Amino acid sequence: MAASSSPTLRPGPPLSALGQAEREAERQAQRVLWETRLERASHALNAYRAAAQYPHESRPIREHPDQVRPFAPIEEERALRMPGGSASQGVRLRTTQERVFASGMESSRVTLTLTDDQGRTLPLRVQRAVMKEVTPPGATARTAEVALAVNDTGTQGDLVAGDGTWSALMQPGAQGFASFAGTVRLELNLAYAGQPGFLYFDLVYSPEQAAQWLPGVREAATAAGLDFFVKAQVLMPGRYVVTGRIDDAQGQPVALAQFNGEVGAGAVEFRLPVHGKLLRDLAPAFPLVLRDVEAFLLKPDTFPDRVMLPRRMGEQHRSRSYALASFSDAEWQSDERTRYITELSKDVAEAQDQLRRLQP
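This is the structure:
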């Protein structure tokens with residue numbers, strides 16, 4: 060990380076007035092260079108120290124605002140158009156999609172609503188809706204296309220009949236794709252007042268079941284922090300990534316806790332830690348609530364690259380109450396942290412040393 064050293068000015072024979080001026084100008088240029096490097100190195104060191112107060116697996120959730128509500132439907136606004144065509148003026152499609160990854164018998168509800176520029180619902184028609192696998196160019200599909208019901212009748216995934224919102228339920232495991240792993244696409248041909256439109260939703264699907272959740276969550280408090288242990292029966296060994304959200308007693312999001320590691324087959328506990336210093340710094344009101352846990356088995360170098368576990372939505376565990384003073388306010392320590400701070404400190408020390416050498 061250390062910058063390459065610049066030539067150090069060395070004493071030499073007496074210089075003329077012009078030579079002295081040139082030497083001083085060179086000295087000042089070197090000072091500006093190393094002052095800039097010192098500022099940059101100090102900023103990098105201080106920024107890393109601030110970020111590395113807590114471990115990677117226990118972070119303030121404010122650092123990850125997109126993770127606060129992980130199971131909220133994905134909302135988009137799109138134009139009504141055909142591929143390569145111009146957008147219909149004065150209308151827009153509002154869509155939602157529950158998820159983009161699914162495994163086993165999981166489903167994803169999708170909705171679409173056509174509105175005018177004032178937000179008033181318009182009468183949309185769905186002329187054709189099919190689910191199909193997405194294949195690489197030149198490849199042949201291994202599964203047949205499946206017609207899918209998209210309706211506004213209050214059935215088959217639609218919540219309210221006749222409200223102008225059309226809904227469909229994508230459940231590949233029950234709709235002819237139980238042996239397929241890859242991207243399943245729902246293609247929709249639409250129409251409004253003689254204007255055609257085309258729209259699709261993609262769902263990355265795996266038919267496998269990596270693990271089954273087991274009931275109960277265990278908590279353990281030490282000076283190092285508060286740990287939540289979620290239980291599972293692992294069917295496929297490998298690297299699992301498990302993420303949970305921690306709220307305080309008032310329902311305010313506090314922390315993001317994560318497990319990321321290799322596990323074998325059998326009954327396991329995934330540890331979701333809340334670091335002691337994080338608790339001391341944020342001072343949340345107890346009891347804390349573990350909610351919205353998501354998990355997947357990572358499958359590197361393949362597609363799909365993960366097998367999802369069923370979502371654990373809402374509150375999963377409410378902790379006991381603890382005094383904040385029972386947790387340590389010591390910063391996280393690790394070989395990785397020490398190594399980075401050592402290297403970044405070398406950059407600072409080098410810049411400081413060069414500036415001392417450049418003193419008149």
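Be aware that the sequence shown starts at 60, since it is given in this note's numbering, and climbs by one per residue. All C-beta atoms, glycine included, are put in the ideal place defined by N, C-alpha and C. All figures in this text were calculated on a predicted structure; none of them were measured in a lab.
query, result
"Within the continuous alpha helix (DSSP H) that includes G335, where are the two ends?", "335–341"
"If the criterion is Cβ atoms closer than 9 angstroms, does the pair V348 and I305 meet it?", "yes"
"List the endpoints of the continuous beta strand (DSSP E) containing L258.", "254–265"
"How would you write the range of the alpha helix (DSSP H) that I400 sits in, first residue to last?", "394–416"
"Run the CB neighbour count on H102, radius 10 Å, all protein chains shown included, and call it buried at 16 or more, exposed below.", "exposed"
"With DSSP as the reference, identify every bridge partner of L331, one or two as the case may be.", "F287"
"In three-state DSSP terms, what is A62?", "For A62, the pLDDT reaches just 48, beneath the cut-off of 50, and the residue's location in the model is therefore unreliable, leaving the point undetermined."
"Taking a contact to mean a Cβ-Cβ separation below 9 angstroms, would you say D351 touches R86 in this structure?", "no"
"Would you call the region 219–228 in contact with the region 181–199, where contact means no fewer than 3 C-beta pairs closer than 8 angstroms?", "yes"
"Can you look up D175 in the DSSP assignment and give me helix, strand or coil?", "strand"
"Quick check: what's the CA-CA separation for A61 versus N319?", "Only weak support is given to the placement of A61: the predicted model assigns it a pLDDT of 47, under 50, and the question is left unresolved by the model."
"Sort P343, A200, F236, T155 by Cα distance to G216 and report the nearest one.", "T155"
"For S265 and P343, which I take to be in contact (beta-carbon distance under 8 angstroms), what is that distance rounded to the nearest angstrom?", "Actually they are not in contact, since the Cβ atoms of S265 and P343 sit about 36 angstroms apart, beyond 8 angstroms."
"Could you spell out where the beta strand (DSSP E) holding A250 opens and where it closes?", "241–251"
"For F160, which beta-bridge partners are listed by DSSP?", "V263"
"Considering V313, what are the terminal residues of the beta strand (DSSP E) in which it resides?", "312–322"
"Return yes when the C-beta of G197 is under 8 angstroms from any heavy atom of the ligand ZN, and no when it is not.", "This structure does not include the ligand ZN; it has no bound ligands of any sort."
"Consult DSSP for V293 and reduce its assignment to one of helix, strand or coil.", "strand"
"Would P196 be called buried (16 or more neighbouring beta carbons within 10 Å of its own) or exposed?", "exposed"
"I believe T202 touches F239 by the beta-carbon criterion, under 8 angstroms. Please report the beta-carbon distance rounded to the nearest angstrom.", "5 angstroms"
"Which partner residues does G325 have in the DSSP bridge list?", "V293"
"On the CB-based measure, 16 or more other CB atoms within 10 Å of its CB, does H118 come out buried or exposed?", "Checking the sequence, you will find Arg at residue 118 rather than His. Classification of R118: buried, given that the 10 Å Cβ count is 16 or more."
"I'd like to confirm the pairing. Which residues does DSSP put opposite W93 in its beta bridges?", "In the DSSP output, where bridge partners are listed per residue, W93 has none listed."
"Could you pull the start and end residues of the beta strand (DSSP E) that G213 belongs to?", "No beta strand (DSSP E) holds G213; DSSP gives it neither H nor E."
"Would T242 pass as a contact of E165 if the rule is Cβ separation under 9 angstroms?", "no"
"Among all the DSSP beta bridges, which residues are the ones paired with I305?", "A314, L349"
"Which word fits V91, buried or exposed, when buried means at least 16 other C-beta atoms lie within 10 angstroms of its C-beta?", "exposed"
"Please state whether DSSP places S101 in a helix, a strand or coil.", "helix"
"Short of 7 angstroms in beta carbon distance, which residues of its chain neighbour Q254, apart from the five on each side in sequence? Order them along the chain.", "L139, S147"
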